[in-house]
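Asks: Residue numbers (my numbering), protein chains in the order written: chain G, 35 to 691; chain X, 37 to 542.
Can you read through this structure? Questions will come right after.
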Amino acid sequence: MSEHMENIYLAIVLSPLIGSIIAGLFGKLIGRSGAHWVTIIGVAVASILSMFVYKHHMFDGAPDYNAAVYTWLSSGGINFEVGFLIDPLSVTMMVVVTFVSWMIHIYTIGYMHDDPGYQRFFSYISLFTFAMLMLVMSNNFMQLFFGWEAVGLVSYLLIGFWYKKDTAIFANLKAFLVNRVGDFGFLLGIAAVLMYFNSLDYFEVFAQAEGLADTTIVIFGDHAWSLMTVICICLFIGAMGKSAQVPLHVWLPDSMEGPTPISALIHAATMVTAGIFMVSRMSPLFELSETALSFILIIGSITALFMGFLGLVQNDIKRVVAYSTLSQLGYMTVALGASAYAAAMFHLVTHAFFKALLFLAAGSVIIIMHHEQDMRKMGGLYKKMPITWITCFVGSIALIGFPGTSGFFSKDAIIEAVHHSQIFGSTFAYYAVLSGVFITALYSFRLFFMTFHGEERMDKETWMHLHEAPAVVTVPLSVLAIPSLILGAFLIGPMLFGDYFGNTIYVAEKHNVLHEIGSHYEGIMLFTLYAFKHPPVYLAFAGIFVAWLCYIKFPDWPGLIVSRIKWIHCILEKKYGFDEFNQKVFAGGTRCLGRMLWKYGDISIIDGIFVNGTARSVGIISSVIRHIQSGYLYHYAFAIILGLLVLIAVFVHGVLN
Amino acid sequence: MTVSNLPILSMLIWTPIIGGIWTLIAGDRQEQTVKYFSLAVSILTFVFSVLLYLDFDNASASMQFVERVSWIKAFDIQYYLGVDGIALPLILLTCFTTILVVLAAWEVIEKHISYYMAAFLILTGLMNGVFVALDAILFYVFWEAMLIPMFIIIGIWGGPNRVYATIKFFLYTFLGSVFMLVAFLYLYAKAGSFEISAMHDVALTLQAQKLIFIAFFLAFAVKIPMWPVHTWLPDAHVEAPTGGSVILAAIMLKMGGYGFLRFSLPITPDASLHFDDFMIVLSLIAVVYIGFVALVQEDMKKLIAYSSISHMGFVTLGFFIPFTIVANTGETSGAIMGMEGAMMQMISHGFISAAMFLCVGVMYDRMHSRMIKDYGGVVNSMPYFAAFMLLFAMANSGLPGTSGFVGEFLVILSSFEASFWIAFFAAFTLILGAAYTLWMYKRVIFGDVTREEVAELTDINARETLILVLLAIVVLLFGVWPAPVFDVMHASVEQLINHSLQSKAF
């Protein structure tokens, strides 16, 4: 069976790749429908096989699979291999990634219908699916890094998909470089792992982790750092890049320049959660460093709260959802910091569905509005596009954690977990995620009301031609709405408190907050009822209520509020100044430094003084010495006599002494 | 088929040289014949190199396919050839690149095509000679002779400022190699032979080793080039025709790296240990400083030239870091990884820099400008070209899955075993390499068409496509499966490291 399974794993990875290659290289030949068929079939195969593998592992109890496919290279006694680790964590990711990707492939037929780069787009998103699968199915750090950078490449390609747009090609370069800053840390982390564990294989590394818990490493002066802290923080810097945590979050809002399907697939549902997945995968390492966990907790809670605020002032429908994604990624990161890895993964799964849904709903609105993204020019759309309206509503209530929806279970679990956590920073994190609930509800329903309700703010002409999106758009919306509503109820029991992850995720006894919560867990009904005793639910309701007041009941309130607190609004408009700072200090500073090194270092000093200076001085000296060779016999005769006199003088001097 | 009975190494040297001489004689009157003949010669040479590879014994660290004839009896100079796992990949790279260069010249070189082809064919033979020579004087002859065709290539087919560039190139590299010759003469006096292996074994005082190391350093550091003796390279590249830049970047820079491995480390191990911090610092300066300089270049060829210097920083880093790693960990495994990574970096950089220069050449042939500001929106008129260039740009930024990743990855991993900070500065390349390459790509390729000339560009033709496809295949193949390159060199690298760790001072 196991050999048989290996072929299935290979098929899961390779079928999207083959689809991508065919659509990419022979796009002209097979035409538009050829391109979408071949890629959709590729992803569908991957998705169905992933579900089969999921069933095989989660229901039929197949053992974890861990084996190499081939040796990438071996050097210095270390084998770098490409291989698969199939366990509850990876099968969960496989199903989420391939299923969301599948839906988005279908949706793309509608969204990119008139785009000249149709085949190219399908090729890219299938390539992305391949890269993401390589990342989640990896059994070693090298392949993880491969997938990590490969998804970054596809993200770069897709953000800059409309390469004529200046903003798009600015955003994709920015995304790639900011991610590279994260990867810089990530690679150092991997290097540290290799040095101390002498292997890059997950299992071999995890098996030694306990034994190296007390190892220290000297970096600055002679202060000894815990090795685990250094490794974990380095790895987490990689996660901060990919999962857009403050201060490396700056690329994600700009990435909205790309077409909406990829905002849904890459920049909401899958790629940006790679960091969360990675930390969960590395739980045996992270559990050994409380410093790193606190660091994660604090970074995550800053992201969760402060990125949420920014969602309140955006008028671009996609950017609101983008900031909401940042904030939700912050929630997942907080869960990681609180050692509630399972809760982070749980939120990752539910979020993948409802956030993809929200993006696709936003995209549906955008295509019908002829690529208008400004919510100030929308309103009242519920009359024209009922399916989009309902599905967007489902996505929104799931996002804000309305009792009973998927998002409710996963988010509540995170808040509870942080509440129980004892590590440094957990109190701050608790209040951050708690206030985040109100903010989330406020910006979500601001979006919902501004887009679908209130007065119609577009011009008459546009309003007349509005209609519901085609079936290729509404079907994926409806399909994604189902898990957004009900998946949480099914998963919470096994995933958080049950045996879902088996031994895959390791939590130290003293950090095990989920176990503590689980001891009171008595089924989803009681969990839901119990939630009414706690503030999050009321905060969510309050958020909806305030949004209703401001955007339906008294539409002139927002303007009034803004005029009262201009300076806060200004800070939020400027996004806390991160972009300007980076642009001035990092981008400008780097260019300035480069120019200085070039102009002064290379041109003036090395070339000017040494290289050409040498040439010049040879010229000068020779022009002086040249005069000796005058060609007159009496000059030479005189020189000979002079020389003779000197020699005799030296000789006499020598004799006398 | 076995080649062990054939003088395969001599064939690798003399086939292209004789072919080159024939093209010289044939002259420009038979332009078509000359072109096809040159292509045939370059392919034949490549076939020889593949046969060599197929018959090569990976398990052995000793010299293989040895040929040995006395040449100048009076001075005990021999025509002594052999190949090991360090030279073999470089020979394959040389022969492969020659095919590309011949193809790249096809319709582009209008002036004296036969001389152009002759220069490159002869150059190929001489470069192969450098990699297989086992006699120091023979090595020196090939090493210096190589400068002549390159001098001619830049001097005749070069850009407007070619005279300055050729003189700078020639004097710079020549000055370095003169010191190497002096070192050879000294070593001859000590070892009683010009055989390189005898020089490896001769015991030397630390003082003597230091002086020899410095002499070698001057020759090889200029060639590779290391900061601060690198300024000839951007000038030479800018003025050289595309083919010249390709050979210069892909092969001639590697001569410096090869020299460090063949001469500096095994002949002066104690001095290498003594100077290793110095070498590491210079390497890191190359990676970081040159990375910043590359960022602000306005001329594409200059930018790629600077990027080459920065990438070569990884090569010298990988070569001189083993001592610290062994001192730190007490094992040679990390040291081997670093050195093999550096070797891989040389091979991979050969492909990638060749590809980048060819890409610039493709654009230059159409627009006659190398300036970034003259372009913008090339993707609109040349989409296929843009796709290829993206692949190579990504490879240049070290993306996993391309060959550019492998070497850098291994060198960074191993340098961590020497020191956190060495790895820290080396890893800067992740950010800087991506920044200078992709920023250039963005300004040249992406965006709306800014000028009429760009709108009228025609996409790559079949010949150009063939060249870029060949390169794309190797870049991806060695990115996904670099093992074959490593299998060839394990035995030789291991022996070299063990040899360099033995003190030979007395």
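C-beta: ideal position from N, C-alpha, C; glycine also.
Name, in chain order, the residues that DSSP records as bridge partners for residue 252(G).
Replies: 258(G)
Asks: The alpha helix (DSSP H) with residue 113(X) in it runs from where to where?
Replies: Note, residue 113(X): premise wrong, no alpha helix (DSSP H); beta strand (DSSP E) at 113-119.
Asks: Answer with buried or exposed for residue 41(X), where buried requires no fewer than 16 other C-beta atoms within 10 angstroms of its C-beta.
Replies: exposed
Asks: If you draw a straight line from the alpha carbon of residue 43(G) to that of residue 118(G), how long is it in whole angstroms?
Replies: 8 Å
Asks: Rounding to the nearest angstrom, what Cα-Cα distance links residue 166(G) and residue 269(X) in this structure?
Replies: In a straight line, the C-alpha of residue 166(G) is about 40 Å away from that of residue 269(X).
Asks: Does the separation of the CB atoms of residue 380(X) and residue 521(X) fall below 9 Å?
Replies: yes
Asks: By DSSP, does residue 104(X) sit in helix, in strand, or in coil?
Replies: strand
Asks: For a contact meaning CB atoms closer than 7 Å, what does residue 184(G) contact in chain X?
Replies: 436 and 437
Asks: With DSSP as the reference, identify every bridge partner of residue 112(G), one or two as the case may be.
Replies: 109(G)
Asks: Output yes or no for whether 9 Å exceeds the beta carbon distance between residue 156(X) and residue 74(X).
Replies: yes
Asks: Quick check on residue 45(G): buried or exposed, where buried means 16 or more other Cβ atoms within 10 Å of its Cβ?
Replies: exposed
Asks: Quick check: what's the CA-CA separation for residue 37(X) versus residue 117(X)?
Replies: Confidence is the limiting factor: at residue 37(X) the pLDDT is only 47, short of 50, which leaves the residue's position unreliable, though a coordinate-based value still follows. Rounded to whole angstroms, residue 37(X) to residue 117(X) spans 22 Å at the Cα level.
Asks: Using a C-beta cutoff of 9 Å, does residue 6(X) count as contacting chain G?
Replies: The requested residue 6(X) is not part of the displayed model; chain X covers only 37 to 542.
Asks: Can you pull out the residues from the segment 375-388 of chain X whose beta carbon lies closer than 8 Å to at least one beta carbon of chain G?
Replies: 376 and 377
Asks: Taking contact to mean 3 or more Cβ pairs, one atom from each stretch, closer than 8 Å, check whether the segment 291-301 of chain X and the segment 255-268 of chain X are in contact.
Replies: These segments touch.
Asks: DSSP state of residue 119(G), grouped into three classes?
Replies: DSSP places residue 119(G) in strand when its eight states are reduced to three.
Asks: Please name the residue or residues paired with residue 231(X) in a DSSP beta bridge.
Replies: DSSP lists 171(X) as the beta-bridge partner residues of residue 231(X).
Asks: Tell me, please, whether the CB atom of residue 348(X) is closer than 9 Å to any CB atom in chain G?
Replies: Output row for residue 348(X): interface = no.
Asks: Smallest Cα separation from residue 169(X): which of 114(X), 87(X), 72(X) and 441(X)?
Replies: 114(X)
Asks: Beta carbons nearer than 8 Å to chain X: which residues of the segment 578-591 of chain G have them?
Replies: none
Asks: Can you grab the Cα-Cα spacing for the pair residue 477(X) / residue 611(G), in whole Å?
Replies: 28 Å
Asks: What is the C-beta distance between residue 304(G) and residue 522(G), in whole angstroms, given that I count them as a contact (C-beta under 8 Å)?
Replies: Rounded, the Cβ-Cβ distance is 19 Å, inconsistent with contact.
Asks: Of all the CB atoms in chain G, is at least one closer than 9 Å to the CB of residue 195(X)?
Replies: no
Asks: By DSSP, does residue 407(X) sit in helix, in strand, or in coil?
Replies: Reduced to three states, the DSSP call for residue 407(X) is strand.
Asks: Measuring CA to CA, which of 182(X), 512(X), 307(X) and 279(X) is closest to residue 401(X)?
Replies: 279(X)
Asks: Which residues bound the alpha helix (DSSP H) around residue 463(G)?
Replies: 460-486
Asks: Hey, residue 138(X) and residue 71(X): beta-carbon distance below 9 Å or not?
Replies: Their beta carbons are under 9 Å apart, which means residue 138(X) touches residue 71(X) by this criterion.
Asks: Which residues mark the beginning and the end of the alpha helix (DSSP H) in which residue 297(G) is found?
Replies: 294-298
Asks: Which residues, in chain order, does the segment 399-415 of chain X contribute to contact with chain G at a C-beta distance below 9 Å?
Replies: 413 and 415
Asks: Please compile the residues from chain X whose C-beta is within a distance smaller than 7 Å of the C-beta of residue 225(G).
Replies: 448, 449, 452 and 459
Asks: If I follow the unbroken alpha helix (DSSP H) through residue 148(X), where does it start and stop?
Replies: Premise fails: residue 148(X) is in no alpha helix (DSSP H) and is neither H nor E.
Asks: Report the residue ranges of all alpha helix (DSSP H) runs contained in full by the segment 292-368 of chain G; include only those spanning at least 4 residues, in chain order.
Replies: The qualifying runs are 294-298, 308-315, 317-320 and 324-345.
Asks: Could you say if the segment 201-218 of chain G and the segment 273-290 of chain G meet the contact criterion of at least three C-beta pairs nearer than 8 Å?
Replies: yes
Asks: I think residue 371(X) touches residue 533(X), with their Cβ atoms under 8 Å apart; what is that distance to the nearest whole Å?
Replies: 5 Å
Asks: Give the interface partners of residue 233(X) over in chain G, defined as CB-CB distance under 9 Å, in chain order.
Replies: In chain order: nothing, as chain G lies at least about 25 Å away.
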